[in-house]
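Number of protein chains: 4
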Amino acid sequence: MERGHGHLEQERGVWAERGEDLHRLLEWSDGVFAIAATLLAFEIRTPDIPASAPQGAVLAAVVSLLPRILVYGLTFLNIALLWISHHRSFTHIAGYDTPLLWMNAFFLMLVAFVPVASSTLGRYPERYGAVVFYAVVLLATTLADMQMWLYATSKRRLVDDGIDPRMVRYITLRGVFPAAVFALAVPVAFVSAYAAEALIFGILAASSILGRVYSPVLAHVASHPRERRPPRRGRGTDGG
Amino acid sequence: MERGHGHLEQERGVWAERGEDLHRLLEWSDGVFAIAATLLAFEIRTPDIPASAPQGAVLAAVVSLLPRILVYGLTFLNIALLWISHHRSFTHIAGYDTPLLWMNAFFLMLVAFVPVASSTLGRYPERYGAVVFYAVVLLATTLADMQMWLYATSKRRLVDDGIDPRMVRYITLRGVFPAAVFALAVPVAFVSAYAAEALIFGILAASSILGRVYSPVLAHVASHPRERRPPRRGRGTDGG
Amino acid sequence: MERGHGHLEQERGVWAERGEDLHRLLEWSDGVFAIAATLLAFEIRTPDIPASAPQGAVLAAVVSLLPRILVYGLTFLNIALLWISHHRSFTHIAGYDTPLLWMNAFFLMLVAFVPVASSTLGRYPERYGAVVFYAVVLLATTLADMQMWLYATSKRRLVDDGIDPRMVRYITLRGVFPAAVFALAVPVAFVSAYAAEALIFGILAASSILGRVYSPVLAHVASHPRERRPPRRGRGTDGG
Amino acid sequence: MERGHGHLEQERGVWAERGEDLHRLLEWSDGVFAIAATLLAFEIRTPDIPASAPQGAVLAAVVSLLPRILVYGLTFLNIALLWISHHRSFTHIAGYDTPLLWMNAFFLMLVAFVPVASSTLGRYPERYGAVVFYAVVLLATTLADMQMWLYATSKRRLVDDGIDPRMVRYITLRGVFPAAVFALAVPVAFVSAYAAEALIFGILAASSILGRVYSPVLAHVASHPRERRPPRRGRGTDGG
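Residue numbers (this note's numbering), protein chains in the order written: chain A, 2 to 241; chain B, 2 to 241; chain C, 2 to 241; chain D, 2 to 241.
So this is what it looks like as structure tokens:
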């Protein structure tokens, strides 16, 4: 990987883009994350209340918004989960090339679409269609995030050669987990919309609170991948 | 705290996130602050005026918007107050870990929700429900801001060890003050919506103009915490 | 001015905020500028067209939007003018203190309000009320911008001591010019809305194209302020 | 070009703005890109569904949105194409002056207007007026982007003197290609709206997937401009 400022370079007759200055890529990504997350709330609006309504009408109207406020809060935290994941990947990704610029744009396209799904779910939480729509959008977003990580780390394309392979696998597994949950929510939604929602929003709990439980499991799996035989204990490091 | 670029590190079998590069955390926070503040105005719209209306109709319509414009301006400054407070904390916070990333996301979720409360208050300033909603949202936002500061400074987790303890307490007190006002506004609103609004928007005056009055008081309190006996005067520094 | 990272320091018993790291102040300012400018367009929407309308109906609808598109374009450039002015000031401002943080917040509050005035003008360009509203909002924004510059440069508070005084005056004059035009547009609007609009949007031409004409004039005025007697020619520098 | 922080300097009696710190210019540009792209989705909204509608009504409503979702996705990627192009140019542009600040503002004004055209196309994809509007807006945006590049590179005004002239021409040609497609789409739209849309959205494929095909062609053209006689083959490099 070239060190220094980004540039074009001629590679087999083509001007290829590559560089190490990720500042603008992250700046426009953070912009999209911030706007998508903030627009989630913009859609919530206290209903119009006639002047003749009793004094308590506004408070009652706010209370009636609670399901949408709940979906707002949980979706905001889902976007935060995606941001934390993007942040985690780009702590290690140390450069860009043209495919990465496009993969990131594709990922942001999905992030910016989350408010559409969230708005639908907030209005029709009892309908399976709304949950399926939401789960599919978030599944696609999570997969696009994973794709970038796999692209950047395979053949150590855009990460340091000396990166710990256990950590590379661990970060991949962190994406597999929510992706599996979103995928599972689709068939569940056809049985019960509420069960699918409980499943989806359980990810947040799993990722923040339960993280302390499954993180060591994922770390263990990442450290002992099936395809490689684990080093025999008592030897190697201990043995004289 | 590790120096240098953020990274994952294995801690008791878990990959823990920590780092010192707060750039992206602040970038996405500033994005949310900027959007939430700007969207406040977006909701204000001159009513439709029929072509047959007299020439002065537009000016009259603008004048009729004045209460909403006032709520807009004051809420913008309340968000600015939160931004200045966040800016103040992060002048001293020198790193992040996973809990801080989540606490900040939770705080931003509340900041992005302020426009919903502001829009309700702008439309129904005479209803206690609107004031209670507004006060509760701003109280929660202020508490979430304080929580980050307390987390980062307790055990000097994410701040410099040598930080002045009087300043740590002073910054905490700066948050306690508006939190107390928002909490007080809730019962007051049930008596008079306008009194509660006067109370809430008085914070801004208190924080910017009256700041010169209560800052020294808070600074004094922060310098002489109850649990420690203040150093006797005339000794130590003066005494031969 | 303290060098280095921002911090709180105790000044006459108060913890005063000051620092040199303007990164976040500019980041949240640029965010508000970007959003306010982009939201200007969001309000423009092709009217609904029935399916039975002739093929050319969409193009006719777009053409009917031209006055609003024109107001959009000109207001975007007015916001760009404010951004360029803010950029110019902060090329020289080298630090912040608490009053500057608040003055900047107040300025951004006005910038974020420009879309409200722009939307009103776009819908009622033939009404004096819309022009007066627009001119007053832009006048207030320009004055808030100038206030920051005057605060930062008076007593060389937040700028380098060795700054060229002619340039300080020149930058002030750059703000006086549009402020005068906006102020003048208010009485003119009561005579003719279109004349006032021509006057307002002439600023842009004046600032970009005519800039080459009036810049030397302002530069001359800034170099030879009335209150000081100009140095006699042929003496001082030339004389033996 | 002056090295170091931006500043004003007196040039032939005028205070001219120039500098090398492009941070804020890129920050506000990235903000506009991020917001314009994210707002594209905001306009899409699942239609209201009566409580009495059958369970599958939401899913059917989402499916009926597919044409608009498609236009959303493709327009997002078109904005990403503009961002990547802007990013590519500013990898080489190393400073600014007043005309560049204005050209960039003008370019951003067009980027922020893309959602208006996109919304119209999403609602009336079968009408030639919507396609013409969309093609004209994107053509203007692409030309404004090219203008900046030509301004910055002509006489090596704001780029390094030693820049490879083949690359300068290559980057120009990268803009000519989509501009030609948008221009061609206008007459085509009068024959068939769908053919024009296929043409426009083919650019994305051309730019990302087909890039591997036409990039070498453009690179070849850029390396062998007509006005200069190409070096005779077999000589120079090969010839002893």
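Backbone N, C-alpha and C define an ideal beta-carbon position, used for all residues, glycine too.
Under the 9 angstroms criterion on CB atoms, residue 28 of chain A is classed as interfacial with respect to chain D. Proximity to residue 130 of chain B across B:118, B:49, B:102 peaks at B:118, based on C-alpha coordinates. Residues of the same chain with a CB within less than 6 angstroms of the CB of residue 69 of chain B, apart from the 5 flanking positions on each side, are 45, 123 in chain order. Chain A has no Cβ within less than 9 angstroms of the Cβ of residue 150 of chain D. Less than 9 angstroms separates the beta-carbon of residue 38 of chain D from that of residue 81 of chain D. Against chain B, the CB of residue 116 of chain C has a partner CB under 9 angstroms away; the residue lies at that interface.
Annotation for residue 71 of chain D: no residue places its beta carbon closer than 7 angstroms to its own, counting only its chain and skipping 5 residues before and after. In this structure, residue 58 of chain B and residue 111 of chain B do not form a Cβ contact; the two beta carbons are roughly 39 angstroms apart against a cut-off of 8 angstroms.
By the neighbour-count criterion, in which 16 or more other beta carbons inside 10 Å mark a residue as buried, residue 48 of chain A falls on the exposed side. If one requires a minimum length of 4 residues, the alpha helix (DSSP H) runs lying completely within the segment 78–141 of chain B are 99–112, 115–124, in chain order. Ranked by how close their Cα comes to the Cα of residue 185 of chain C, the residues C:165, C:139, C:172, C:128 have C:139 in first place. The count of Cβ pairs closer than 8 angstroms, one atom from the segment 94–114 of chain C and one from the segment 163–171 of chain C, stays below three, leaving the stretches out of contact.
Counting other Cβ atoms within 10 Å of its Cβ, residue 197 of chain B reaches 16 or more and is therefore classed as buried. The segment 29–43 of chain B and the segment 21–38 of chain A touch, with no fewer than 3 CB-CB distances between them shorter than 8 angstroms. Residues are counted here when their Cβ sits less than 9 angstroms from a Cβ of chain B; for the segment 79–108 of chain C these are 99, 100, 102, 103, 105, 106, 107, given in chain order.
Within 10 angstroms of the beta-carbon of residue 171 of chain A lie 16 or more other beta-carbons, which makes it buried. The three-state reading of DSSP puts residue 25 of chain A in helix, counting H, G and I together. In this structure, C:128 is the residue among C:79, C:128, C:151 with its C-alpha nearest to the C-alpha of residue 53 of chain B.
Residue 108 of chain C is positioned such that its CB atom lies no closer than 9 angstroms to that of residue 78 of chain B.
Put simply, the backbone Cα of residue 154 of chain A is about 37 angstroms away from that of residue 183 of chain D.
Taking C-alpha positions only, residue 120 of chain D is separated from residue 132 of chain D by approximately 11 angstroms. When the beta-carbon positions are compared, residue 160 of chain A and residue 41 of chain A stay at least 9 angstroms from each other. Using a Cβ distance threshold of 9 angstroms, residue 88 of chain B and residue 168 of chain B do not count as a contacting pair.
Residues of the segment 27–48 of chain A whose Cβ lies closer than 9 angstroms to any Cβ of chain D, in chain order: 28, 29, 30, 31, 32, 33, 34, 35, 36, 37, 40, 43, 44. The beta carbon of residue 51 of chain B sits closer than 6 angstroms to no other beta carbon from its chain once the five residues preceding and following it are set aside. In the DSSP annotation of this structure, residue 163 of chain A is not part of any alpha helix (DSSP H), being labelled neither H nor E. Shown here, residue 49 of chain A sits in coil according to DSSP, grouped into three states, outside any helix or strand.
Within the same chain, and ignoring the five residues on either side of residue 75 of chain C in sequence, the residues whose Cβ sits closer than 6 angstroms to its Cβ are 202. Between residue 222 of chain B and residue 157 of chain B, the alpha-carbon positions lie close to 21 angstroms from each other. Between residue 200 of chain C and residue 96 of chain C, the CB-CB gap reaches or exceeds 9 angstroms.
Measuring C-alpha to C-alpha distances from residue 179 of chain D to each of D:141, D:204, D:43, D:64 identifies D:204 as the nearest.
Scanning D:126, D:173, D:220, D:134 for the CA closest to the CA of residue 148 of chain D turns up D:173.
Residue 192 of chain C counts as exposed, since fewer than 16 other C-beta atoms from the protein chains shown sit within 10 angstroms of its C-beta. Shown here, residue 75 of chain C sits in a helix according to DSSP, grouped into three states. For residue 55 of chain D, the three-state secondary structure derived from DSSP is coil. When the five nearest sequence neighbours on each side are left out, the beta carbons in the same chain lying within less than 7 angstroms of the beta carbon of residue 224 of chain B are those of 167, in order along the chain.
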